[in-house]
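Residue numbers (the numbering used here), protein chains in the order written: chain A, 3 to 217; chain B, 3 to 217.
The next block holds one structure in the form of structure tokens; read it before the comments.
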DNA sequence: GTGCAGGCGTACCGTACGGTACGGTTCGAT
DNA sequence: ATCGAACCGTACCGTACGGTACGCCTGCAC
């Protein structure tokens, strides 16, 4: 089944990647204040080149988000021998990766940019971010969950529901609070608690979907 | 304990409220494209009046968000006689309210606006939205949870953790997907499933924190 | 060397929008 | 009737920014 957004390998030249890096840095620094002039100056290139390469401002933005989002590659979990311990470690690893990603400055910036974009009837960036963020984890996690069910280690009807519950248990209100700029949730604070949160979320997930849990 | 943001009753005149309504309508319609000229035209008032009343564009935006966010009033749940059934109904009611609010067009617009705002080193709107959204529910839910614990119906160490887990179980990935403009999640689709989701989330919450659950 | 493609830097244009100024109108107080 | 405050409508200003044009330089092909 084809994805709605084809994740192009969209090979950029090193020079172009330098431009995209500059654009991303500006996004992270100045928030939404990304101007073509600023990118050109930061990347030491001419605006004309930007327009030649990326068409318009939206094209540059899309290329930046897509290029960067695709770089978020989560380590693949070994699925070969699936005993209870290995399954638990895999789940924990997914939780850790998910929390690490969404609390990162780059992720926050990309999500904010995409949300802002979505507020203007443009959903392309949102789709890209979704596709490379939550949905990427889902694509990887679902097979593990189903393997766990086949091995009688997990119990659920819908792997989709199981995934979404996992997402909720892990992310809770952290992402929305970070996106809204909640100062009480400085990143160091969150990062320091990641291990504890990972363990708690995994415990809860197994309590709900472990083979010994009530159906 | 004082809140960081004082929820001013900030009494606006009817005429001013009409202006704020126009501003909100424009926000919902045109997304972020809120211009002072558009508000003035929609509200049949002069720009000069806008600046006189609200100072600048940011003031108008803040007033609009604050005024509207404060209008999201969730029904108070009866806490007088707390048997198992009443507790469960209360929890369900909170889940339903939370889901209903965050899937509403107004809430999506306000959250998007606040996120956009937060992307520009301004977090005031984010705080307002947080304070009147998730945190408002938290303030209401926590006493219920603690009463449930006192009545030996629930079991948990930290009511804060219990609340955040509840939030995660209910919201899951719905809010972020809506904010990102996920078309696969049309509102009617979500709204149609609210009751089932409410029941599932409540079941899971009691499975984790009910008195009979494993600690 | 000559020609040319790619790209840098800068100047420039048009427009959209935040913010201000001002004349005209309504309306209540005295 | 008169005055003044509030406010509407509109014209206007300044600026920021997206997008374009152009002159110049560099490096490569032949």
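All C-beta atoms, glycine included, are put in the ideal place defined by N, C-alpha and C.
Bear in mind that the values here come from a model prediction, so they are computed numbers and not experimental data.
DSSP state of residue i, grouped into three classes?
i: residue 15 (chain B); result: coil
i: residue 183 (chain B); result: coil
i: residue 212 (chain A); result: strand
i: residue 5 (chain B); result: Legend: pLDDT at residue 5 (chain B) = 28, less than 50; position of this residue unreliable, no value from coordinates given.
i: residue 89 (chain B); result: helix
i: residue 112 (chain B); result: helix
i: residue 132 (chain B); result: helix
i: residue 156 (chain B); result: strand
i: residue 201 (chain A); result: helix
i: residue 83 (chain B); result: coil
i: residue 52 (chain B); result: helix
i: residue 188 (chain A); result: coil
i: residue 148 (chain A); result: helix
i: residue 123 (chain B); result: coil
i: residue 36 (chain A); result: coil
i: residue 117 (chain B); result: helix
i: residue 174 (chain B); result: coil
i: residue 57 (chain A); result: coil
i: residue 46 (chain A); result: coil
i: residue 74 (chain A); result: coil
i: residue 10 (chain B); result: In this predicted model, residue 10 (chain B) has a pLDDT of only 45, less than 50, meaning its place in the structure is not dependable; the value taken from the coordinates is given anyway. Of the three classes helix, strand and coil, the one that applies to residue 10 (chain B) here is coil, per DSSP.
For residue i, which residues from the same chain have a beta carbon less than 7 Å from its beta carbon, with the 5 sequence-adjacent residues on both sides left out?
i: residue 55 (chain A); result: 18
i: residue 59 (chain B); result: 38
i: residue 161 (chain A); result: 144, 147, 148
Pick out whichever of the options has its Cα sitting closest to the Cα of residue i.
i: residue 84 (chain A); options: A:211, A:112, A:182, A:151; result: A:151
i: residue 167 (chain B); options: B:195, B:177, B:204; result: B:204
i: residue 133 (chain A); options: A:202, A:68, A:22; result: A:68
i: residue 20 (chain A); options: A:34, A:47, A:38, A:29; result: A:47
i: residue 207 (chain A); options: A:171, A:197, A:192; result: A:171
i: residue 2 (chain B); options: B:160, B:190, B:97; result: Absent from the model: residue 2 (chain B). The displayed extent of chain B is 3 to 217, so no value can be given.
i: residue 135 (chain A); options: A:51, A:70, A:159, A:28; result: A:70
i: residue 13 (chain A); options: A:51, A:73, A:26, A:50; result: A:73
i: residue 177 (chain B); options: B:186, B:138, B:104; result: B:104
i: residue 138 (chain B); options: B:125, B:99, B:159, B:126; result: B:99
i: residue 126 (chain A); options: A:61, A:16, A:87, A:193; result: A:61
Please return the same chain residues whose Cβ sits closer than 6 Å to the Cβ of residue i, not counting the five positions on each side in sequence.
i: residue 110 (chain A); result: 180
i: residue 184 (chain A); result: none
i: residue 39 (chain B); result: none
i: residue 196 (chain A); result: 101
i: residue 96 (chain A); result: 143
i: residue 53 (chain A); result: none
i: residue 4 (chain B); result: Because residue 4 (chain B) sits at a pLDDT of 32, beneath the cut-off of 50, its placement in the model cannot be relied upon, and the following sentence gives the value as read from the coordinates. Here the set comprises nothing.
i: residue 192 (chain B); result: 105
i: residue 26 (chain A); result: 66, 70
Excluding the 5 residues preceding and the 5 following residue i in the sequence, name in chain order all residues of the same chain whose CB lies nearer than 8 Å to its CB.
i: residue 24 (chain B); result: 41, 44, 45
i: residue 220 (chain B); result: Nothing can be reported for residue 220 (chain B), as the shown portion of chain B is limited to 3 through 217.
i: residue 94 (chain B); result: 200, 201, 204
i: residue 30 (chain A); result: 107, 108, 111
i: residue 50 (chain B); result: none
i: residue 28 (chain A); result: 35, 36, 40, 41, 44
i: residue 130 (chain B); result: 7, 64, 67, 68, 71, 116
i: residue 86 (chain B); result: 155
i: residue 187 (chain A); result: 176, 179, 180
Under 8 Å by Cβ, that's how I've got residue i and residue j pegged, so tell me the actual separation to the nearest angstrom.
i: residue 92 (chain A); j: residue 79 (chain A); result: 4 Å
i: residue 22 (chain A); j: residue 65 (chain A); result: 6 Å
i: residue 89 (chain A); j: residue 155 (chain A); result: 5 Å
i: residue 101 (chain A); j: residue 200 (chain A); result: 7 Å
i: residue 182 (chain B); j: residue 33 (chain A); result: At roughly 18 Å, the Cβ-Cβ gap does not stay under 8 Å, so residue 182 (chain B) and residue 33 (chain A) are not in contact.
i: residue 169 (chain A); j: residue 175 (chain B); result: 5 Å
Kindly examine the ligand HEM and report whether one of its heavy atoms sits closer than 8 Å to the Cβ of residue i.
i: residue 196 (chain A); result: With respect to the ligand HEM, the structure offers nothing, as it holds no ligand at all.
Checklist entry - At a cut of 8 Å, does the segment 123-142 of chain A reach the segment 142-149 of chain B through at least three beta carbon pairs? => result no
Next on the checklist: I'd like to know if the segment 103-120 of chain A and the segment 117-131 of chain B are in contact, where contact means that at least 3 CB-CB pairs between them fall below 8 Å.
Outcome noted: yes
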